[in-house]
Amino acid sequence: MIRRWIEEMASVLAENRACLSELDSPIGDADHGNNMERGFRAVLATLPETEDIGALLKGVAMTLISRVGGAAGPLYGTFFLEAGKPLAGKTELTPEDVVQLFENGVTGIRKRGRSDTGMKTMLDALVPAADALRSTLAEGGDLAAALKAATDAAEAGMKGTIPMLAQRGRASYLGERSVGHQDPGATSSYLIVRALGDAVEGISR
Amino acid sequence: MIRRWIEEMASVLAENRACLSELDSPIGDADHGNNMERGFRAVLATLPETEDIGALLKGVAMTLISRVGGAAGPLYGTFFLEAGKPLAGKTELTPEDVVQLFENGVTGIRKRGRSDTGMKTMLDALVPAADALRSTLAEGGDLAAALKAATDAAEAGMKGTIPMLAQRGRASYLGERSVGHQDPGATSSYLIVRALGDAVEGISR
Amino acid sequence: MKKLIDNADDVTLEQLKGFGLAHDTVEVHFDPNFICLAGGVEGRVAVISGGGSGHEPLHGGYVGMGMLDAACPGQVFTSPTPDQMYEAGKAVNGGKGILQIVKNYTGDVLNFQMAADLLRAEGIEVRNIIIDDDVALQDSLYTAGRRGLGTTVIAEKVCGAASREGYDLDRLAALCRKVNIHGKSMGMALTSCMTPQNGTPSFELGEDEMEIGIGIHGEPGIERMPIKSATEVTSMLARRILEDGAYTRTLSEWDSEKEDWVDVEIQDITFQQGDEVIAIVNSMGGTPISELYTVYAALAEQAEQHGVKIVRRLIGHYITSLEMAGVSITLVKADEEILHFYDAPVNTPALRWGA
Amino acid sequence: MKKLIDNADDVTLEQLKGFGLAHDTVEVHFDPNFICLAGGVEGRVAVISGGGSGHEPLHGGYVGMGMLDAACPGQVFTSPTPDQMYEAGKAVNGGKGILQIVKNYTGDVLNFQMAADLLRAEGIEVRNIIIDDDVALQDSLYTAGRRGLGTTVIAEKVCGAASREGYDLDRLAALCRKVNIHGKSMGMALTSCMTPQNGTPSFELGEDEMEIGIGIHGEPGIERMPIKSATEVTSMLARRILEDGAYTRTLSEWDSEKEDWVDVEIQDITFQQGDEVIAIVNSMGGTPISELYTVYAALAEQAEQHGVKIVRRLIGHYITSLEMAGVSITLVKADEEILHFYDAPVNTPALRWGA
Ligand SMILES: Nc1ncnc2c1ncn2[C@@H]1O[C@H](COP(=O)(O)OP(=O)(O)O)[C@@H](O)[C@H]1O
Ligand SMILES: Nc1ncnc2c1ncn2[C@@H]1O[C@H](COP(=O)(O)OP(=O)(O)O)[C@@H](O)[C@H]1O
Ligand SMILES: [Mg+2]
Ligand SMILES: [Mg+2]
Ligand SMILES: [Mg+2]
Ligand SMILES: [Mg+2]
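Chains as they are written, first to last, in full-length UniProt numbering: chain A, 1 to 205; chain B, 1 to 205; chain C, 1 to 355; chain D, 1 to 355.
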């Protein structure tokens with residue numbers, strides 16, 4: 001599932017390369033799609049031949065850290081590094097593991113980025129997604145349902161960044177002029193959440 | 001008459017500033033009109049309070065030399081310097097003096113510029129004008145008629161530069177690509193000849 | 001796309017290769033990419049900087065005797081990755097620690113922090129000092145803070161010289177911090193620029209418009225307005241710099257006792273009557289050198305009106321944004337210590353005197 | 001018009017004022033305009049150059065210890081007038097005569113000749129040496145001959161140093177002539193440029209076109225073609241330079257016996273296997289420094305293929321054409337004499353080493 005997710009992320013980020021960079025143009029430096037595509041292309045090329053989920057996620061993290069650069073590199077790198085830590089040695093994931101994965105990842109970004117929701121960043125997609133995962137499972141939903149809810153929450157969170165005033169990253173330099181634009185990092189985060197849903201669905205089909 | 005000519009040149013070159021620079025654009029550096037306008041503006045501002053034609057023409061020459069720069073500055077400067085030399089002390093011009101004026105001026109340009117007709121330069125307007133002056137007078141025409149003929153000859157000479165391959169000045173760098181464009185210096189020369197005709201006509205009217 | 005490049009996807013690589021061929025005072029390493037002083041560093045603090053490419057000569061052009069020991073170039077407008085600083089740090093480490101001079105962009109800050117963590121794990125002491133001198137950004141509480149602009153060049157020059165004169169790591173870090181709080185910059189653009197990867201301008205400006213308060217990554221600035229004369233533009237930038245208040249912000253610095261990154265509150269100086277300053281009039285790339293002189297004349301006039309004296313100046317291309325037309329102005333208040341190290345000999349591809 | 005200027009009708013004046021304020025090693029004089037070394041010239045030959053403005057740092061940026069004693073800037077892209085060289089010559093004359101280094105453009109040639117005549121009338125010996133190194137122009141019989149490009153910079157550097165080491169006027173003129181016949185250049189443009197006076201591009205280039213064999217005045221070049229990669233462009237220029245024949249032309253020089261300008265036939269060298277050269281990779285103005293390095297790498301490759309070794313190089317803005325994007329390449333065959341004077345200390349606003 002994790003390997004499938006990684007492949008799905010690589011393909012969806014490559015498809016959306018131009019669109020993500022374009023979102024980064026009015027409120028950033030127009031490179032977010034290039035950065036993510038370059039990073040995940042390297043991830044695919046260097047993915048270790050293991051079923052150890054912790055090792056796979058750490059591999060993703062290290063490649064992103066050394067290939068992406070910019071703000072997104074260390075932040076997504078931290079996300080996968082922290083996400084993978086409790087999963088070292090595991091080859092199967094329970095739905096609770098998936099919740100844990102997202103929550104650890106998000107905590108890592110919060111700390112590294114000194115940021116939180118409402119600041120017009122990737123956290124505005126990732127945090128609602130993590131919350132939706134946990135609550136759907138708590139309400140008795142299965143993983144597929146939880147991921148569907150998480151994807152919807154990430155999408156809503158992503159769109160919710162449009163009216164926000166940026167408080168972190170390059171977009172924050174624009175002040176009021178950052179309002180009215182969708183955050184590129186929140187957009188890639190939405191794609192990453194959706195990719196997990198698609199990967200899981202692909203497997204169960 | 002000479003003062004009237006100088007004023008007429010200044011006004012017609014100012015009017016044609018943009019057009020002369022534009023002619024200088026495809027086959028030069030697009031400054032001929034600016035150069036000539038700047039030069040004759042200075043000529044007007046510094047014209048000595050004398051009726052001595054030689055002194056007036058020398059004044060024009062020195063101002064052009066020190067204010068125009070480029071190829072046209074020293075060439076037109078030399079034209080007026082040489083043109084004025086035999087006229088020192090005179091306050092009236094005979095028609096023969098006018099012929100002499102042009103022929104001396106043209107000789108000066110030939111020597112300074114190591115150039116001759118057929119090379120796509122100001123000489124292609126000035127030389128036919130000088131020739132027409134001399135022959136019209138020789139055939140019994142008056143000064144007005146001679147200047148009319150000179151103006152027509154200068155205009156024809158100017159247009160005759162269009163098919164020429166440039167062999168002097170910046171345009172010569174273009175080789176074959178200089179063909180098909182009217183020479184800016186021949187154009188200002190035509191205006192200068194015409195200005196004398198207009199000045200004389202203005203006086204006799 | 002009107003660029004002299006071979007391969008839009010990795011211009012940094014081809015340019016680095018040429019840089020290595022051209023300058024035999026430096027060594028260029030690949031994969032990970034970094035430029036370092038040929039000959040190495042012994043018995044003194046190594047000074048490293050880096051950032052996205054596209055700002056040349058910053059930083060690679062400043063590697064050499066009396067300035068940087070190493071520079072880490074990222075992709076165009078993208079901060080370098082921690083493995084670059086890690087390898088560069090190991091290559092130039094002379095046993096006395098490493099000062100990393102970091103421009104305040106989220107990506108740079110985070111990647112240099114990770115690199116510091118990696119180097120520290122190897123037993124190498126590292127200090128990261130942030131340069132955040134862009135007065136276009138007023139607020140610090142609700143933003144990523146001020147960007148790093150031209151003061152970076154002065155910090156690299158001054159710290160490189162001080163390392164040669166034996167400053168230890170803490171003293172060098174303190175000097176770097178001082179240069180930062182003494183330095184203020186602001187920039188403007190007449191045109192946008194285009195990264196080779198994207199091939200389209202990063203923002204659109206009308207034929208009669210200019211953008212004030214821009215950074216160096218083709219980001220839009222803080223205000224768009226009709227083009228004004230060079231003197232008016234300069235007055236606007238210079239007054240904003242000269243009248244800037246005692247900007248206060250919180251920056252992450254390494255605390256070697258707590259062994260963690262801690263928030264440190266740092267306050268800028270304000271310019272006072274009688275101050276002496278080092279000035280940079282910097283082309284953003286496409287603006288020709290000649291135009292910088294009208295700007296300099298207007299800057300000198302503004303400084304004089306504020307009772308501030310320009311005692312040294314750099315006029316040219318120092319910290320650019322690809323082919324962007326525009327200018328940035330930097331003023332750094334120069335005390336005796338800063339001036340001493342500024343005047344010290346330097347021999348780098350882009351800055352050279354006394355050697 | 002996207003320029004940082006105050007007054008389009010006399011940008012040269014405002015830029016010169018700023019230049020004078022910025023650089024205290026030079027003096028700027030107005031009406032007529034010239035820039036000269038502060039302190040004057042005693043007991044050695046004075047070296048003077050000049051030309052239209054818009055090529056900065058040429059020539060004003062090269063006034064200083066070990067290079068030019070004076071520079072005479074004309075209006076933008078218009079050669080200076082004789083009164084400028086006359087006053088500059090009188091100001092820097094140190095009793096040993098004056099070498100005037102003149103780029104081969106009709107306007108420059110004629111105005112410097114007139115200036116030489118004026119100075120000679122004051123009893124000052126003057127030699128005009130023409131730089132005509134642009135290999136884009138093949139023919140000399142039916143044209144104004146080759147234009148002066150980057151070799152001018154090397155001629156100014158080398159002759160400035162030789163004057164300091166006591167060369168007399170004739171020897172210095174011979175050295176300058178040697179640098180000229182040892183030097184070959186060629187340029188290309190990705191964009192046109194615009195003089196402040198005209199406010200429109202001097203020629204139009206399509207989005208995918210480039211112009212090969214351009215000069216430095218916004219004139220069109222010898223050929224227009226689709227944009228190629230930096231390496232292909234460089235190979236084209238470099239091969240044309242390296243394979244150029246022994247170009248022969250007639251130049252006007254002053255004959256002090258005949259007391260008149262006489263035609264002198266002069267022949268270029270051709271590059272040979274084993275030659276050592278000084279290279280310039282020059283931005284035409286708008287091309288950023290970073291792009292020059294891919295060009296340098298390709299140039300080094302071409303030189304090697306021809307068995308020619310680049311022993312010194314300048315990479316940056318040296319002889320520009322306002323904001324034009326593009327590059328020019330210069331190679332000067334360096335013998336021991338040329339290299340000795342090239343390496344000598346120099347301290348000018350735009351070129352500095354060893355001092
Ligand atoms: N401090 C931060 N915390 C969380 N996310 C951030 C932070 N700073 C920036 N980001 C995210 O990073 C994205 C930009 O990534 P990218 O364009 O790749 O990097 P850069 O801004 O360095 O060019 C933003 O859209 C935002 O979502
Ligand atoms: N050697 C020459 N002899 C005669 N006329 C010349 C010569 N060289 C150039 N010209 C004239 O000068 C004109 C260009 O003048 P201008 O544009 O003012 O100078 P520049 O070419 O220096 O910019 C040309 O159109 C041509 O008529
Ligand atoms: Mg970005
Ligand atoms: Mg012209
Ligand atoms: Mg970036
Ligand atoms: Mg001209």
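Note that the Cβ used here is the ideal one computed from N, Cα and C, for glycine as well.
Status (buried if at least 16 other CB within 10 Å, exposed otherwise) for C/D268: Result: buried.
Cβ-based contacts, 9 angstroms cut-off: residues of the region 150–178 of chain A near chain C: L165, A166, Q167, R168, G169, R170, A171, S172, Y173, L174, G175, R177
Short CB-CB distance (under 8 angstroms) between C/S202 and chain A: yes
Cβ contact check for the region 178–185 of chain A and the region 221–232 of chain C: 3 or more pairs under 8 angstroms: As far as the Cβ criterion goes, the region 178–185 of chain A does not touch the region 221–232 of chain C, which means the pair count is below three.
Proximity of B/D124 and B/G77 at Cβ, strictly below 8 angstroms: no
CB contact check: D/S229 to chain C, cutoff 8 angstroms: yes
Selected residue, minimal CA-CA separation from C/P80, among C/L68, C/G52, C/G199: C/G52
Between the CA atoms of D/G148 and D/V135 - distance to the nearest angstrom: Cα to Cα, D/V135 sits roughly 10 angstroms from D/G148.
Range of the contiguous beta strand (DSSP E) that encloses A/T121: Unbroken run through A/T121: none, as it is neither H nor E.
Near ligand 4: B/H32 beta-carbon under 7 angstroms from a heavy atom: yes
Any non-hydrogen atom of ligand 6 closer than 7 angstroms to D/G107 Cβ: yes
Where the region 69–88 of chain C meets chain A: residues whose CB sits under 7 angstroms from a CB there: G74, Q75, F77, T78, S79, P80, T81, P82, D83
Residue from D/F30, D/D31, D/P57, D/M65 with nearest C-alpha to residue 413 of chain D: The structure shown does not extend to residue 413 of chain D, since chain D is modelled only from 1 to 355, so the question has no answer here.
Alpha carbon of C/A174 to alpha carbon of D/C36, nearest angstrom: 42 angstroms
Which residues DSSP lists as bridging C/D208, in chain order: In the DSSP output, where bridge partners are listed per residue, C/D208 has none listed.
Sub-8 angstroms separation of C/S49 and C/A22 beta-carbons: no
CA nearest to the CA of D/P288, picked from C/E56, C/V26, C/G18: C/E56
Ligand 3 heavy atom lying under 7 angstroms from the CB of A/G73: no
Contact test: B/I109 Cβ vs ligand 2 heavy atom, cutoff 7 angstroms: yes
CB contact below 8 angstroms: C/N111 versus chain A: yes
Near-chain D residues of the region 48–60 of chain C - C-beta to any C-beta below 8 angstroms: S53, G54, E56, P57
Boundaries of the alpha helix (DSSP H) in which A/C19 is found, first to last residue: A/C19 -> alpha helix (DSSP H) spans 17–27.
Residues that B/P74 contacts on chain D, provided the C-beta gap is smaller than 7 angstroms: L110, N111, M114
Neighbouring residues, chain C, relative to A/N104 (Cβ below 7 angstroms): What A/N104 touches in chain C: nothing, since even the nearest Cβ is about 18 angstroms away.
Closer than 8 angstroms to chain D by CB, C/F19: yes
Any chain D beta carbon closer than 8 angstroms to residue 249 of chain B: Given that chain B is displayed from residue 1 to residue 205, the structure contains no residue 249 of chain B and the question cannot be resolved.
CA-to-CA distance, C/R164 to D/L351, given in whole angstroms: 25 angstroms
Sequence-distant residues of its chain with Cβ nearer than 6 angstroms to C/A115 (five each side left out): P82, M85, Y86
Integer-rounded CB distance, given that C/Q197 should sit under 8 angstroms from C/A8: 6 angstroms
C-alpha gap between C/A300 and C/E219, whole angstroms: Rounded to whole angstroms, the gap between the alpha carbons of C/A300 and C/E219 is 28 angstroms.
D/R146 (DSSP reduced to helix, strand or coil): coil
Listed by chain order, chain A residues near C/L137 by CB distance under 9 angstroms: S172, Y173, G175
Alpha helix (DSSP H) segments (min. 4 residues) lying fully within the region 266–313 of chain D: Listed in chain order, the complete alpha helix (DSSP H) runs (minimum 4 residues) inside the region 266–313 of chain D are 289–305.
Contact with chain A by C/R147, beta-carbon distance below 8 angstroms: yes
Cβ-based contacts, 8 angstroms cut-off: residues of the region 55–69 of chain A near chain C: I65, S66, R67, V68, G69
Cβ-heavy atom distance, D/F77 to ligand 6, below 7 angstroms: yes
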